Amino acid sequence: MTVEHIVDRCQALFEDLRFTSVSDWKAEQPGRKAIGYMPIYVPCEIIHAAGMLPVGILGGGESLEVIQGDAYYQSYICRIPRSTVELGLTGRLDALDGMLFPSICDVIRNLSGMWTLLFPDKYARYFDVPQNFDDGIGGTYYLRELEILREDMGRIAGRDIEDDDLRASIAVYNENRRAIGRLYAFRAEQPWLAPTSEVYLVVRAGMVLPVEAHTRLVDDYIAAARASDRPLRDNCRIVLAGGFCEQPPLGLIKSIELAGCYVVNDDFMLSTRWLLEDVAVDGDPLDNLAQAFLHHSTATSAKYEPDKQAKGQFLCQQVADSGAEGVILVAPSFCDPALLDRPMLQRALDAAGIPYTAFKYAENSGQLQPIREQAGTFSDSIKLWSA
Amino acid sequence: MAETERPPVQKEDSMLKQKAMINANYHALATAHERGAKVASTFVPGNLNELLMCFDLVRNLPETNALQNGLRKKSGKMIQEAERAGHSEDVCTYVKADLGMMLQGNIGPTGEQLPTPDVLLLSYTGCFTFMKWFELVRNEYDCETIMLHVPYQGDGVITPNMRNYVVKQLKESVIPTLERVSGIKFDIDRLRQHMKESAKAEDDLVWVLQSAKNRPSPIDAYFGGVYYIGPIFTAFRGTPEASEYYRLLRAEVAARMAEGRGPVTPEGDMSGERYRLVVEGPPNWTSFREFWKMFYDEGAVVVASTYTKVGGVYDFGFRHDPDNPLESLADYCLGCYTNLNLPTRVDMLCRYLEDYQADGLLINSIKSCNSFSAGQLLMLRQIEARSGKPGAFIESDLVDPRYFSPANVKNRLESYFQMIEQKRSGRGPAA
Ligand code: SF4
Ligand code: SF4
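Protein sequences, first through last, are from chains A and B.
Here the first sequence is numbered in numbering that gives the first Met the number 0, starting from 0 and rising by one per residue.
Here the second sequence is numbered in numbering that gives the first Met the number 0, starting from 0 and rising by one per residue.
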């Protein structure tokens, strides 16, 4: 399979706001069910273990015309909830048998209640996670929340989720995390062979594909991209941070690349990389998921950082590990988590002597020229100073 | 009207008492370190005032500072200062007013220096922004920090798991740290004593708030209500002064009720109650009097509001319970208004419309506050449909004067009052 072939397929999945791949998957076998989840993290393993398809819902993107959704939100609220409501009201999410709203911010939190009011016949749940990472405190709480999720998913699926189901799902997701890890490592190594506009689409396909198929797709892409013949350019290497919820238009990622930046790490679709290590397969599966969450998960603005000194260090470490020369801090307009975090990240970057630039976007931003210019200036300045 | 031309504000004894209490607390904060006292900074919703008092900590509440600065028209400059320092124009202005105040030398609203806290206690209740705010403030100080994570009532109930989680945090993290910081051993009986005082004050507060069921209502449960909640939402819950304040307030309101008087406004008694409203959302502080005047000039009285539940929902029976002190602290934190899910908020507002025989619901949607605001347009629709009563929607901000447009708000209110009239007379809205 060629890169073009794979990317075209991912692009088609990305553009399909009717989620036909999900309906198709359900139609293959009677009784199949699908559960949607919003950013930032839910343990998909539990949905998978019930034999259901987890579907990542990341808003309507740039192409969806939001007509009804705007009537539900004031102008000063970000765009992802309104386009998600639009998706729901226009029947585009009908293939979903339930929705999970993770603990990321008050907008998504409140959307969980809105969903209950708007779609009273559909399962909707706010999935809370602990901000206390002590085993005996946050861990105990989280374990019970995982049990509730397990019970709920079992009920929707119409079967009990056994420990062995969970273990098998954990193994499958470990595979997927490893594959995505390989993809990210490959891009950091040879970003000219794996542009982020493609890597993004490949990871994004994991929002709708069954995880096993996605893992294969990721590996196919790596193999095809590795074999491709693409020229190395004199670009700078940057980490992109802040795009963990509402997604920028794909054109924005392309603009950054065209402006002379190789994106060598990012925080898109963190659900796929939330857990930083393999989850243990043996032993109590929920406990293993809880342990991974508490002790081996990513740092992001939706998560409390107990250690003041550690604030921003995860990002600095990403810069070091990926050999980046700077950071582009992006944020959706009106995004409290990303924008409130920004000064603290900047402080950490300043202290580490890492250059950065920052801008805001919306999922439907049309004016990309200023962003391209800003990214271009940033890239030039990095090259100048590192010369 | 310009500030100087305003008639003198009418004050009742309870208002004078509250003012004295607030000023005394600012003074206690300013002099804490020279007196050898220690200071805790903590947020309003889900605050653990009774517990903090067990460790002799003087309490500083950043939102109160921001709103006091808003009332004194000082917040605008502070917000701009924070924005100049790199904080986004898009984020909560309470945060920026607080950070701006720190950048300007941390002089409190009464003009006295605010102290460097000895401990930051984040009670993360009902609002995600608190967590970020806390992380931002933490950067400025070299002191102990405590995080109390209060889960959200996503399904509209407090589960044993949530309660146990909060209690465990109190036992294993909050209390030991407070002991270490203060050098004082935790005494549960002292906590019980404070909670007894809390419950007493809560009874009287609820009586006062529910007095608005009368016609005319002797109180305004929003513009007046924000004063009534002052002591109990902040540094005074659990103190004998707060109990005394509420005793006094209750007596005043009882007297008003007996005399058939309406609420007290800055220009004296409001007479001729014409519209009874329920209000959802915080008020605007920077033009508070102007905003209020738009109501009482038209004979509109707010009979119930949700903002007065943001630091504790007491009118459905919850009381701090000295017999189960930690569990009840947990329930208090879990039960604050913005920690309730949207369906619960809708139910509560529908109930207010009915119980208080209100003409309709007004939502003051606050630009700053996603916790309150995200979902309010749907709430409005649902409540209108369920109650059959008209609703209205206005937008402003808490402490950023740039987002209060008096002409727009006034226009909107006037057409809303007309709508209520039409509804009463059985006519549909004018074309
Ligand atoms: S973009 Fe930001 S504010 Fe909006 S829903 Fe996502 S995390 Fe929340
Ligand atoms: S977002 Fe709302 S609840 Fe949260 S700190 Fe700001 S004003 Fe308060």
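The beta-carbon is built from N, C-alpha and C at its ideal position, and this holds for glycine as well.
Remember, predicted model here, so these are calculated numbers, not experimental data.
Can you tell me where the alpha helix (DSSP H) with CYS349 of chain B in it begins and where it stops?
Residue 349 of chain B sits at position 350 when you count from the first residue of the second sequence. Here the alpha helix (DSSP H) through CYS349 of chain B covers 341-354.
What's the call for MET0 of chain A, buried or exposed, on a 16-neighbour Cβ count within 10 Å?
What you label residue 0 of chain A is simply residue 1 of the first sequence in a count that begins at 1. Result: exposed.
Which residues in chain A sit within 9 Å of CYS91 of chain B, going by Cβ to Cβ distance?
Locating residue 91 of chain B in the second sequence gives position 92, counting from the first residue. Contacts between CYS91 of chain B and chain A, judged by CB atoms closer than 9 Å, involve ASP335, LEU339 in chain order.
Less than 7 Å separating the Cβ of ILE107 of chain A from some heavy atom of ligand 4?
Among the ligands in the structure shown, ligand 4 does not appear; only ligand 1 and ligand 2 can be found there.
What is the DSSP secondary structure of GLN264 of chain A, reduced to helix, strand or coil?
Within the first sequence, residue 264 of chain A is the residue found at index 265, counting from 1. Rather than Gln, the amino acid found at residue 264 of chain A in this sequence is Asn. Secondary structure of ASN264 of chain A (DSSP, three-state): strand.
Measure the alpha-carbon distance for PRO44 of chain B versus LEU182 of chain A and round it to whole angstroms.
As a working note, residue 44 of chain B is residue 45 in the second sequence. As a working note, residue 182 of chain A is residue 183 in the first sequence. Between PRO44 of chain B and LEU182 of chain A, the C-alpha separation is close to 44 Å.
Would you report the Cα separation of ALA429 of chain B and THR195 of chain A, rounded to the nearest angstrom?
Along the second sequence, one-based indexing puts residue 429 of chain B at 430. Along the first sequence, one-based indexing puts residue 195 of chain A at 196. Low confidence applies here, because ALA429 of chain B scores a pLDDT of 46, under 50, leaving its location unreliable; read the following figure in that light. Using only the alpha carbons, I get a separation of about 56 Å.
Counting only Cβ pairs nearer than 9 Å, list the residues of chain A close to TYR123 of chain B.
Walking along the second sequence from the start, residue 123 of chain B turns up at place 124. GLN130, TYR303, listed in chain order.
What are the start and end residues of the beta strand (DSSP E) that includes THR376 of chain A?
Against the first sequence, residue 376 of chain A aligns to sequence position 377. Premise fails: THR376 of chain A lies in the alpha helix (DSSP H), 368-385, not in any beta strand (DSSP E).
Got a sec, what are the start and stop residues for the alpha helix (DSSP H) VAL94 of chain B sits in?
To locate residue 94 of chain B, count along the second sequence from 1; it is residue 95. Run containing VAL94 of chain B: 92-102, per the alpha helix (DSSP H) assignment.
Is the Cβ-Cβ distance between GLY310 of chain B and ILE228 of chain B less than 8 Å?
Along the second sequence, one-based indexing puts residue 310 of chain B at 311. Along the second sequence, one-based indexing puts residue 228 of chain B at 229. Yes; because the gap between Cβ atoms is below 8 Å, this pair is in contact.
Cβ of ASN48 of chain B within 8 Å of Cβ of GLY182 of chain B?
The residue you call residue 48 of chain B lines up with position 49 of the second sequence. The residue you call residue 182 of chain B lines up with position 183 of the second sequence. In this structure, GLY182 of chain B does not lie closer than 8 Å to ASN48 of chain B by Cβ.
Hey, out of B:PHE287, B:VAL118, B:GLU134, B:LEU147, whose CA is closest to CYS332 of chain B's CA?
Here residue 332 of chain B refers to the residue found at position 333 when the second sequence is read from its first residue. Selected option, being the one with the closest Cα: B:LEU147.
Closer than 8 Å, CB to CB, is ARG149 of chain A near chain B or not?
Against the first sequence, residue 149 of chain A aligns to sequence position 150. It does not; no Cβ of chain B falls within 8 Å.
According to DSSP, simplified to helix, strand and coil, what is MET256 of chain B?
The residue you call residue 256 of chain B lines up with position 257 of the second sequence. MET256 of chain B: helix per DSSP, three-state reduction.
For a cutoff of 8 Å on Cβ pairs, would you count TYR71 of chain A as touching chain B?
Locating residue 71 of chain A in the first sequence gives position 72, counting from the first residue. Yes - at least one Cβ of chain B is within 8 Å of the one on TYR71 of chain A.
Under 8 Å Cβ to Cβ from ASN68 of chain B, same chain only, skipping five residues before and after it: list those, please.
Indexing the second sequence from 1 puts residue 68 of chain B at position 69. Hits under 8 Å: SER74, MET77, ALA96, MET100, PRO108, VAL398.
Okay, do the segment 129-146 of chain B and the segment 154-164 of chain B touch, 3+ Cβ pairs below 8 Å being the bar?
no
Could you work out which residue in A:LEU165, A:LEU57, A:GLU144, A:ILE103 is closest to ALA279 of chain A when comparing CA atoms only?
Mapped onto the first sequence, residue 279 of chain A falls at position 280. Closest option to ALA279 of chain A, Cα to Cα, is A:LEU165.
Establish whether the CB of MET113 of chain A and some CB of chain B are separated by less than 8 Å.
Position 114 of the first sequence holds residue 113 of chain A. Closer than 8 Å: yes.
Kindly list, in the order they appear in chain B, the residues whose Cβ is closer than 8 Å to that of VAL106 of chain A.
The residue you call residue 106 of chain A lines up with position 107 of the first sequence. The answer, in chain order, is ASN369, ALA373.
Near GLY271 of chain B, which residues of its chain fall below 7 Å by C-beta distance, leaving aside the five closest residues on each side in sequence?
Sequence index remark: in the second sequence, residue 271 of chain B carries index 272 (1-based). Excluding residues within five positions, the ones whose Cβ falls inside 7 Å are GLY298.
Use the C-beta contact count for ASN22 of chain B: other C-beta atoms within 10 angstroms, 16 or more gives buried, fewer gives exposed.
The residue labelled residue 22 of chain B in the question sits at position 23 within the second sequence. Exposed is the call here.
Going by the C-beta, is TYR93 of chain B closer than 7 Å to any heavy atom of ligand 2?
Working through the second sequence from its first residue, we reach residue 93 of chain B at position 94. Under cutoff, so the answer is yes.
Three-state secondary structure (DSSP) at PHE132 of chain A?
The count along the first sequence starts at 1 and reaches residue 132 of chain A at position 133. When DSSP states are grouped into helix, strand and coil, PHE132 of chain A belongs to the coil group.
Any beta carbon of chain B sitting closer than 8 Å to that of ASN363 of chain A?
Numbered from 1 along the first sequence, position 364 holds the residue referred to as residue 363 of chain A. It does not: the Cβ of ASN363 of chain A has no partner Cβ on chain B nearer than 8 Å.
Please report the straight-line C-alpha distance between ASP211 of chain A and GLN192 of chain B, rounded to a whole angstrom.
One-based indexing of the first sequence puts residue 211 of chain A at position 212. One-based indexing of the second sequence puts residue 192 of chain B at position 193. Sequence check: residue 211 of chain A is Glu here, not Asp. Whole-angstrom Cα-Cα distance: 60 Å.
Counting Cβ pairs closer than 8 Å, one from the segment 63-80 of chain A and one from the segment 364-377 of chain B, do we hit at least three?
yes
Is the beta carbon of CYS235 of chain A less than 8 Å from the beta carbon of GLY259 of chain A?
Numbered from its first residue, the first sequence carries residue 235 of chain A at position 236. Numbered from its first residue, the first sequence carries residue 259 of chain A at position 260. Yes. Within cutoff.
With distances taken from CA atoms, which of B:LEU247, B:LEU56, B:VAL278 is nearest ILE174 of chain B?
Walking along the second sequence from the start, residue 174 of chain B turns up at place 175. Between ILE174 of chain B and the set B:LEU247, B:LEU56, B:VAL278, the nearest pair of CA atoms involves B:LEU56.
Report the CB separation of TYR355 of chain B from ALA211 of chain B in whole angstroms; it is logged as a contact under 8 Å.
As a position in the second sequence, residue 355 of chain B is number 356, starting the count at 1. As a position in the second sequence, residue 211 of chain B is number 212, starting the count at 1. With a Cβ gap of about 6 Å, TYR355 of chain B and ALA211 of chain B count as contacting.
Comparing alpha-carbon positions, which option in A:SER82, A:VAL6, A:LYS253, A:ILE66 lies nearest ARG371 of chain A?
To locate residue 371 of chain A, count along the first sequence from 1; it is residue 372. A check of alpha carbon separations from ARG371 of chain A across A:SER82, A:VAL6, A:LYS253, A:ILE66 identifies A:LYS253 as the nearest.
Going along chain B, which residues have a C-beta under 9 Å from SER82 of chain A?
Your numbering for residue 82 of chain A matches position 83 in the first sequence. Near SER82 of chain A there are no residues of chain B at all, since even the closest Cβ is about 14 Å away, more than 9 Å.
Near VAL301 of chain B, what residues of its chain come up, given a Cβ to Cβ distance below 6 Å and the 5 sequence neighbours on each side ignored?
Working through the second sequence from its first residue, we reach residue 301 of chain B at position 302. Once the five neighbours on either side are set aside, the close Cβ partners of VAL301 of chain B are ASP219, ALA220, TYR221, LEU276, VAL278.
So does the segment 357-368 of chain B actually touch the segment 391-407 of chain B, counting three or more Cβ pairs closer than 8 Å?
They touch, by the three-pair rule.
Among all the DSSP beta bridges, which residues are the ones paired with LYS366 of chain B?
Counted from its first residue, the second sequence places residue 366 of chain B at position 367. Bridge partners of LYS366 of chain B: none, in fact.
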